[in-house]
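K.L.:
Structure below; questions to follow.
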Amino acid sequence: MARLDVTETFHGISFPGHLHTQDSLQKALEFQFEDTDILIVSYPKSGTTWMQEIVTLIFSKGDPNLSQTVPNWARAPWLEQYYSSATLETSSSSPRLITSHLTHRLLGPALQGSKAKIIYVSRNPKDVVVSFYHFHKIANFLPEAGSFAEFLNSFLEGKLHFGSWFDHVKGWTSQTATMNNLLHITYEELSLDLHGAVKRISTFLQCPLGEDVVNSCVKHCTFSNMKDNKMVNYTLIPEEIVDHSKGSFMRKGKIGDWKNMFTEEQSQYLESVLKSKMQDCTLEFVWDV
Ligand code: A3P
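Start counting the sequence shown at 913; every next residue gets the next number (this note's numbering).
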């Protein structure tokens, strides 16, 4: 199947032009946030879809009807996607749930002074790069993945679409000290204690939940339930855009799958780059369970 990858370079970062045009990216930067908005931000493959599902379930008090009848991209539209941001501007639902992969350098100015609640999701970079590699194989709007060794180098050099993982994570997480409307949560926290994470997120969103409701949210956003839910597993997307004959969006959903892909040398190399690029950062990563 023909690839649809057109690279759009915006503020020095490459984006999939099939989804994001210069115009739609510029519109995202000028977006008027409302204080009631909820923004989910992440580097790709960090648990974005999972967080969209969790927040949807929190606001529907654990009732899965919405998450089973409305696709995630309509429930939590992408800010940088033209049709989504146009929909967002006219949306009357409150709170508006919005998703973005943009860096803090790009989105920070639009959020200045806003009380919109931001949830930043991160994941250990070894699992991110493996998940992104497999995603490139099924997503025709992204460039050819090439070999894993080549892909890993591009990731470490910040050359993949959506830019440098290091800049993304540093940019957003460094704001937690000063922005009390920003919650940083990791994929690994979700994975190791989904129940505790749902409570933490609902408290942050000022939407306290009883124990039964938390249990219902947890039940409906497990990997196996989401894998079977057409509204989040991306099987509704036409095959020319995401080719599910080559693999699943809901692929493995595990911590530590990087071990099946990385050589020992690649693992040490990533760690050395991580150490040098994240010197001023106190984040700790969970690599395995
Ligand atoms: P894998 O490719 O490692 O399986 P994003 O939504 O940011 O694109 O992230 C996609 C990754 O999150 C995929 O990782 C996907 O399987 C995983 N994921 C999505 N929902 C999940 C869930 N409920 N539990 C665990 N992992 C989940």
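Glycine included, every Cβ here is placed at the ideal spot set by N, Cα and C.
At what residues does the alpha helix (DSSP H) containing Ile1167 begin and finish?
P.N.:
No alpha helix (DSSP H) contains Ile1167, which DSSP labels as neither H nor E.
K.L.:
Measure the CB-CB distance between Pro989 and Thr960 and report whether it falls below 8 Å.
P.N.:
Contact: no.
K.L.:
If I measure Cβ to Cβ from Arg915 and keep anything under 6 Å in the same chain, skipping five residues before and after, which residues do I get?
P.N.:
Same-chain partners within the cutoff: Asn1052.
K.L.:
Taking only the alpha-carbon atoms, compute the straight-line gap between Gly1083 and Gly1070 and give it to the nearest angstrom.
P.N.:
Going by the C-alpha atoms only, they are around 14 Å apart.
K.L.:
Which one of Gln1118, Ser936 and Ile1097 has the shortest CA to CA distance from Ala1109?
P.N.:
Ala1109 has its Cα closest to that of Ile1097, out of Gln1118, Ser936 and Ile1097.
K.L.:
Going along the chain, which unbroken runs of the alpha helix (DSSP H) with 4 or more residues stay wholly within the region 944 to 1006?
P.N.:
You should have 960 to 971, 977 to 981, 984 to 987 and 994 to 1002.
K.L.:
Pairing CB atoms from the region 1115 to 1130 with CB atoms from the region 951 to 958, are three or more of them under 8 Å?
P.N.:
Judged by Cβ distances under 8 Å, the region 1115 to 1130 makes no contact with the region 951 to 958, as fewer than three pairs qualify.
K.L.:
Would you mind stating whether Lys1049 and Lys1166 have Cβ atoms separated by less than 8 Å?
P.N.:
Contact flag unset, no.
K.L.:
What distance in whole Å lies between the Cβ atoms of Lys1029 and Ile1149, which are believed to be in contact at a cut-off of 8 Å?
P.N.:
Rounded, the Cβ-Cβ distance is 28 Å, inconsistent with contact.
K.L.:
Classify Glu992: buried if its beta carbon has 16 or more other beta carbons within 10 angstroms, exposed otherwise.
P.N.:
That one is buried.
K.L.:
Give me the DSSP bridge partner(s) of Thr1115.
P.N.:
DSSP lists no partner for Thr1115.
K.L.:
Specify the secondary structure class of Glu1177 as computed by DSSP and reduced to three states.
P.N.:
Of the three classes helix, strand and coil, the one that applies to Glu1177 here is helix, per DSSP.
K.L.:
Secondary structure at Glu1183, three-state DSSP: helix, strand or coil?
P.N.:
Reduced to three states, the DSSP call for Glu1183 is helix.
K.L.:
Roughly how many angstroms separate the alpha carbons of Ala1057 and Phe1063, rounded to a whole number?
P.N.:
In a straight line, the C-alpha of Ala1057 is about 6 Å away from that of Phe1063.
K.L.:
Would you list the residues sitting across from Ser1033 in a DSSP beta bridge?
P.N.:
Inspection of the sequence shows that residue 1033 is occupied by Val rather than by Ser. Paired residues: Ser954 and Ile1097.
K.L.:
Any heavy atom of the ligand A3P within a distance shorter than 7 Å of the CB on Cys1133?
P.N.:
It does: the Cβ of Cys1133 is within 7 Å (strictly closer) of some heavy atom of the ligand A3P.
K.L.:
Identify, in the order they occur along the chain, each residue of the same chain with its Cβ nearer than 7 Å to the Cβ of Asn1036, setting aside the five sequence neighbours on each side.
P.N.:
Cβ within range, chain order: Glu1100, Phe1197, Val1198 and Trp1199.
K.L.:
Which residue or residues does DSSP assign as beta-bridge partners of Phe927?
P.N.:
Its beta-bridge partners are Glu920.
K.L.:
Just the C-alpha distance for Phe927 and Glu1176, rounded to the nearest angstrom, thanks.
P.N.:
Each residue's alpha carbon lies about 31 Å from the other.
K.L.:
For the ligand A3P, is there a heavy atom less than 7 Å away from the beta-carbon of Ser1128?
P.N.:
It does not: the Cβ of Ser1128 is nowhere closer than 7 Å to a heavy atom of the ligand A3P.
K.L.:
Bridge partners of Ala1051, per DSSP?
P.N.:
In the DSSP output, where bridge partners are listed per residue, Ala1051 has Val1154.
K.L.:
For Leu1009, name the three-state secondary structure that DSSP assigns.
P.N.:
If DSSP states are grouped into helix, strand and coil, Leu1009 belongs with the strands.
K.L.:
Suppose the cutoff is 8 Å on Cβ atoms and the five residues either side in sequence are ignored; what does the same chain contact list for Glu920 look like?
P.N.:
Cβ within range, chain order: Ser926, Phe927, Pro928, Gly929, His932, Thr933, Gln934 and Leu937.
K.L.:
Using a 10 Å radius around the Cβ and a threshold of 16 neighbouring Cβ atoms, would you call Glu946 buried or exposed?
P.N.:
Exposed is the call here.
K.L.:
To the nearest whole angstrom, what separates the beta carbons of His1107 and Val1130, a pair I think is in contact under 8 Å?
P.N.:
5 Å between Cβ atoms; contact.
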